[in-house]
Structure formats: structure tokens, C-alpha cells
Amino acid sequence: MVCNFRMLCIWFCLMSNLMSTSTSVDSLATNQSIRDDESLVSADGSFELGFFSPGKSTARYLGVWYRDISGNSTVVWVANRETPLENVSGVLRFNEEGNLNLFNDKSNITVWSSNISSKAVNDNNDPIVAQLLDSGNLVVKNGDSNANNDSFLWQSFDYPCDAVLPGMKLGWNLVTGLDRIFTSWKSEDDPAVGEYSLKLVRQGYPQIFQFKGFVIKTRSGPWNGHYFNGYAPPNPNQYSYELVLNEKEVYFEYQVMDRSIYSILYKMPPSGSGQRLVWSSRNRNLLENTSTAGQDQCENYATCGSNSICYMDGDIVTCECLKGFVPKNPEQWNISHWSDGCVLRTKLDCNNSNTDGFLIYTNMKLPDTSSSWFSETMNFEDCRNSCLKNCSCTAYANLDIRDGGNGCLLWFDSLVDMRLFSKGGEDLYVRVPASELGHVAVNGHRNVKKVVGVTVGVIIFGLIIFVCIMIIKNSGSARKFYSKHNTNKLRNENIDLPTFDFSVIANATGNFSSRNKLGEGGFGPVYKGTLTDGQELAVKRLSKKSGQGSEELKNEVALIAKLQHRNLVKLLGYCIQGEEKMLIYEYMPNKSLDNFIFDDTRRKLLDWPKRFKIISGIARGLLYLHQDSRLRIIHRDLKISNILLDANLDPKISDFGLARMLLADQLEENTNRVAGTYGYMSPEYAGLGNFSVKSDVFSYGVIVLEIVCGKKNRVFLDPQQYQNLLGHAWRLWREDRALELLDEVFGETCTPSDVIRCIQVGLLCVQHRPEDRPDMSSVVLMLNGEKLLPKPTVPGFYYSDVTRESDSSLANSKLLSANEISTTVLEAR
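If you use mature numbering (1 follows the signal peptide of the UniProt record, and there is no 0), the sequence shown corresponds to residues -23 to -1, 1 to 806, in order.
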């Protein structure tokens, strides 16, 4: 994204000759002026508008800069960058027409003007003022309008220079034709327009390019819903990012959400490289100074030409043709002159698109979208078919990676400026002739395997399993046999997961240092580890003191190895050495959801859109387990601490140690070994040992209500009715006071109807009777639809006179626990 976006070049420019001002004001009324020894200061004192001389220059410029940041001043905007005042003083005057005019103090010649249309001012009879906002934006506005009003008569943010500040828009106003482009200074002593520029290009699907003159230097990659695909952003808890694309505007902007950050600055210096600067709000010390000067060669636009992938082998840049493509100029290619790129070895058969197919490349920076077409609503299968029907279509991908992937992005003609990342990136489906489909690309490039033998083996194995299951089912004992032996069959398959040496894991975790400990679950502690190549891991270590857990660990390996979904945590490998048993997962930098929802400070970072995204993501992950995966999986320990959050705050369901499999047509199972966490277990499971997809749905409903209100079900106590969270929510719902359940940190910042819909879905999921609860496919539709929902009935564990007599034993069960450790042995009645 643009925040971490290396081509968003940034430069910390020390202004050695900034003039000390003796007088300052907070706004200008009409016919007021600022002279060379005066300044205009923002209300919070962050920014100052005045006259300065950059570097060694003696020329005077009108500009805006930061004040009092570690003793240095940083210019972020210059008015007369092309028309300096040479060896003379200047005067800024705000006239009755609403224009800011900069004059030569001696000759009274205008050297710069804001050029506001007189009609725009005269149409409004309110008094107008010029003001420097706390954001650093110099504006002309109605005197009584709010500082965040978008209807400014004029603003400096519409005419940026080399600095990118929070709230600035990079891109187009399609109504007025205004294109906001960032341009470097000519030199450190001259703020005139330099060689480098940063521009949002609307051709095809919008991207951000850095130009040197008219030559493209770097490219951001397309927007994927979270950030620009070429660069992952800094911590999303600190910043928010947005690409606006509609009939009136196309622009990108970012905002700072973390109050501990005073401000952030990006500058594009004369050299084209730059820095990202972040200051502390407490003492205004510099917290971060990140340079982009050392970016690798794959960042340069089209290093490898067309239809080729760039990747870094250590410090060495390497290019490889896509599978099915060959170098256009082999002689030049062999001496590492790659600019001619690659071409198809066998031309596509446009008369018969059914003979073509696609190879998937993972962890990719997607190609230049200048020759692309996109749809925000088309599903992935239709996207593939659309590409096959058009002979010019060369590749396709998801337009938006949120919520499991949405929309369609199609490429036409050559694929340019691709690179392979060691991690991150996205999936790209490249079209090739049928003759090239006998190979599968692995990790986006070099390692390819023949799949004919594997395919035949899978088919034969599948037929054997099918015949066996049918025979066993006909014998009348299918369910017990399947339940007993299915996990063992999975373990005996080739799981194809790497094993890690104990010494490698011990070294990565600092010998399981307490400072690397992330938490502790029912089967042991979890540690953060970092391999020698920088890859971060989460290591789940089975406790040696526990007499249980070995079977659960084996079960987790067998299950998760077969599950692949963006809302499920990814298992990277395992380690079994002597008494040591460990699972190695992808590392989730934001840890578990409970670290946000139940924390008084961090909960404020999860606004309603983020919480709704998490609610929807968990639902999609659970739907995959129940319905869309190869096996029907019952999690049995779904709770808020088992929902992990990645760098983008996308939820991932974790901890499958208690999970169980059912036959495709099997609805429920019974166990004498009840396992799970009090407060999340459904009544029929906690009391009778019956588990099904509906017991997971109950747990999901508890999670939804906890996310909405920010309180734990297992410790919540309604002071009026002595109810748990479910009972409290049910009482508020019946009294038409459901919005009182909403976490107080939201205030009035969310749409009430959306909140009420989520509360209603949560209550539908925690209904006492399993048959009354919706399945997860219905839940997903309810969350994202607008149709009226059914009315919920009484929830489980609702202590009331209306509780049915036959359910009294369950209703009176004391199912609250002092902690949230999973209970692994609880004998059922």
C-alpha cells in the first residue's frame, strides 16, 4: 500500500535557513495580510505557514512546515515553488474576492495566487476566512464551517508538492478534471518541479506509478481491497487506507488511527528515493525513519520484460519466463539482458477455447493493469469463463481479496512487471495451451511437477475409498467404523508437510524464551519464532506435564493439512522428537481476537467495519469446515481466543486439537468425552455429549454477541436479571432495546440497522434447540443480505420461569469457568 510503498518516495528535508517569525495568527479574514516576519499557525500548533529560504538559497518562498519536531522543521508544501522572490521580501494578502495573493513587497507584483473563481465566493454570502488546519491543509472556507468540511472554496491539499500527508488525496476529481500529482523538488535548494512524480493512473484498473520525466520507474500493483498488491502496508492498527473509485472521484488516501503517533510524513526527494517519518505524539521524538533508497532491482518497472517473473536470489536479480513461454531473444536472455521478455511457445487456439487452461502462480505481484478489465460483482468461476471466451485474455485474478475473494480482474495481451515474493502477494491464473497443462507451477515459478501420475493415483484411491464406504454403510455399522478409523486413514496419507528439527525450533524461539511466549492453550504454551531467513512462526509446544494431548496433536496435523481457506490458520509443519511434540503455524502479528475485544485500549482500534469484517470472515471459515471442505469438520472449541488476526486484521480460525469429522451425510455424533470451553459450548453438547454443526453454530453466536458488545459471555452478569450475556442480549431484544448491547466505544459511528442485524443473527445462532439454529450457509447470507430475518427464540442457558421444564437441568447447569482453558475431559450424563 502507499504507506509502505517504496515508490512513495520520502525525504526528510532539513531547512537550514527557515526564518524565525515574530508574530503569528490563527486565521486570516478578508483584506488581512502576512508579511515576511509573520506566520499563520494551526490551532494545535503542529503546522506553520510563512516565508522561508531552503538550503543554501537566498530566495524566499511561501510554505507550510512542521513546527517543533525534535528541533527540526520540515517543509510539506510550497506555494510559489516556480516563482521565487529573489532577494526581496513577500506579502501574502487575503482579498475580498477570497483569493490568497502573494506579492513582491517592493514592486507589488503578484507572483502567486490561489485563483478562486469569484462566482464560487459570491454565491455564498457567509464571511470567508483563510485558515491553516491541524492536518497541514491551508484552506479558504466559510467562517462558520467545520474544519473537516469537504466543501472548501480552495485548499492546498488539491495542489500537492513533494510531501504526502494523512488526508491528502492522490488522484482525480472527475467532475472538475483536477488531477492531484505529487512531484519532487528540483534540488534541495530549489523547490521547483523536479524530475520525479507520483501519479494515480486510471487506465484499466487504477494503479500508482512513479515517473522520471515520462518514463515509468516503479508501479504499486493493483488495489486488492486492503492495499496495493505490490507492497504490504505498515501496521493496519495504526493506519487506515482507502481507494475510492466511483463516477465522481478516483483517488487514494490514508489516515493515522493510532493516537500515540503525532504525525507521519512521506516526501519524494530530488533523487527519487526517500523516507517515511513517524513522530511520537507524547514528546514528538522521531519514532521511525525508513529509507527506500536500497530497494531491490525487481522494484524497477518491467525489469524482466513481458511474460516473465522477477525474483531476488539473495542479492541477485533473476528473471524466468512463465511456464509455456520462451525468451523472445534467447541470445540476449542468456547474458541477462531480459528487457525483450518472453513469448508463448505454442499459440493459443482461439477457435477452440476449451483446449486452453490456466496455471496458478502464488505469492505474486500482479501484472500491470493498464490493459485490463474488472468487475466488482462477478464471481470467480464466471471470471475464469470470461477469460476463456476472449482470445485476447491472458490471465485472471481476484479483484478484491477480502472475505475469501471477490470480483474479477482480467488481463489482455502481454503480462508486464510481475515479481515473486517470498511471502505475501496474490494468486495469478495465467492462460496457456492444453499442451502446457501437464505441469503445475509451484510457488509461482521454477519448481514444476508432473501431475499425471498423481492424478491417476488420486482417482484410484478415491474409487477404493468410495467402494469401501459403500460396503461398510450397507453392513449397518458404517458410522462407527468411519468415526473410529477415518482419522487414522488421514494420518496414513501423504500429508506433505515439512518436519522441523528440534534444534531449529529451539534456536528460532530463543530456546523457548519467556519473552517469545505468546500465550498458553489447553495443550501447552505457544511461542513466537523467527527462522534464520527472517520467516516468523508460531510454535505450539505440547506440555510434557500433561498426560493428554498427544492424540489431539496428531489429529490436528491430520486435519489442518487438508484444510485450505483464507479464514483458517495455516499449518506450516510439525516437530516430533523424543517427548517433544510441536506444531508450527504461520505467525499472526495481531495475536488473538480477545486481545482486542476485551482490552480497554485496543478495542478502540476495532471500529464497526472491522468488527463486521471479522464476524463475516469467521462465518466463511466455519462454512468451509461444515460444508465446502473435503471433510465435514466440527471444531468443538470455537471461541474468541481461538480466532487469530493477521496483519490486516483478517480473522483465522485456529486450534483444531478437539475437532472431529463426520460423514458427508451425518448430522451429529455423541461422545462420552465432552471437550471444549465453558461459555461457548451448546446446551446439548455440554449436558448430553451431542455435537454437530449446530453446536459450532452456537459457539459462533456467542462470539458474535461478544464482538458486538465487547464483553465476555462467561463472566458477564446482568445486575438486574442475573443473566449471562446471552440472557441479557435476549432480554434487550425482547424489549426493543437491542442497541444498548453495542460496545460503548462506538458512540454514533455505526449504522444501527447493521448492528441490529448482527445481534439478531447472534441470537438466532444461540437458540436453545439445535434444530432452530441456522446453518452457516444461511448465516453468511443473513449477514450480507437485506431480507427480513426470522425472529429468534429463547437462547441456551437462559435462566427464567419461561424455560421449559424438560430443559431445566440444562438451564440450571453452572457452566461458567474461572478461565478460558479448553476443558478436555468432562464426562457426560
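Yeah, the Cβ is synthetic: ideal placement off N, Cα and C, and Gly gets one too.
Taking each of 483, 219, 198, 590 in turn and checking the Cα distance to residue 380, the smallest one comes out for 590. By the criterion of at least three beta-carbon pairs nearer than 8 Å, the segment 657 to 676 is in contact with the segment 742 to 750. Less than 8 Å separates the beta-carbon of residue 243 from that of residue 141. DSSP places residue 105 within a strand segment (E or B) once states are collapsed to three. Counting along the chain, residue 759 sits inside the alpha helix (DSSP H) bounded by residues 753 to 761. Beta-bridge partners assigned by DSSP to residue 221: 228.
Non-local C-beta neighbours of residue 295 in its own chain, meaning closer than 8 Å and more than five positions away in sequence, comprise 287, 288, 289, ordered along the chain. In the structure shown, residue 315 falls within a coil segment according to DSSP collapsed to helix, strand and coil.
In the assembly as shown, residue 199 is a buried residue. Its beta-carbon has 16 or more other beta-carbons within 10 Å. Judged by beta-carbon spacing, residue 549 lies within the 8 Å limit of residue 561, meaning their Cβ atoms are closer than that value. Taken through DSSP and simplified to helix, strand or coil, residue 27 comes out as strand. Counting along the chain, residue 378 sits inside no alpha helix (DSSP H), nor does DSSP assign it H or E at all. Looking at 480, 497, 299, the one whose alpha-carbon comes closest to that of residue 410 is 299. Counting along the chain, residue 692 sits inside no alpha helix (DSSP H), nor does DSSP assign it H or E at all.
The beta carbons of residue 182 and residue 7 sit no closer together than 8 Å.
Per DSSP, residue 587 is one residue of the alpha helix (DSSP H) stretching across 585 to 600. The beta carbons of residue 88 and residue 62 sit closer together than 8 Å. Its Cα nearest to that of residue 740, the residue 770 stands out among 770, 713, 476, 758.
Leaving aside the five residues that flank residue 732 on each side, the residues in its chain whose CB is nearer than 6 Å to its CB run, in chain order, 719.
Residue pairing from DSSP leaves residue 277 without any beta-bridge partner. According to the DSSP assignment, residue 187 belongs to the beta strand (DSSP E) that extends over 184 to 189. For residue 729, the enclosing alpha helix (DSSP H) starts and ends at 729 to 742. About 13 Å separates the CB atoms of residue 217 and residue 236; that is not less than 8 Å, and the two are not in contact. For residue 502, the enclosing beta strand (DSSP E) has its first and last residue at 501 to 507. Between residue 263 and residue 343, the C-beta gap is not smaller than 8 Å, which leaves the two residues out of contact.
The closest CA to that of residue 228, considering only 693, 518, 156, is found on 156. Taken atom to atom, the span from the alpha-carbon of residue 567 to that of residue 493 is near 14 Å. Within the same chain, Cβ atoms closer than 7 Å to the Cβ of residue 35 are found at 64, the five residues on either side in sequence being excluded. Taking residue 150 as reference, the option from 177, 173, 168, 139 with the minimal CA-CA separation is 177. For residue 717, same chain residues with a beta-carbon under 7 Å away, outside a window of 5 residues either side, are 709 in chain order. The Cβ atoms of residue 184 and residue 175 lie no closer than 8 Å to each other. Residue 633 sits in coil when the DSSP states are folded into three classes, being neither helix nor strand. Taking a C-beta distance under 8 Å as the contact criterion, residue 353 and residue 334 do not qualify as a contact pair. Straight through space, the alpha carbons of residue 67 and residue 110 are spaced by roughly 22 Å.
In this chain, the alpha helix (DSSP H) harbouring residue 364 covers 357 to 366. If you look at residue 723, you'll find it isn't in any beta strand (DSSP E); DSSP assigns it neither H nor E.
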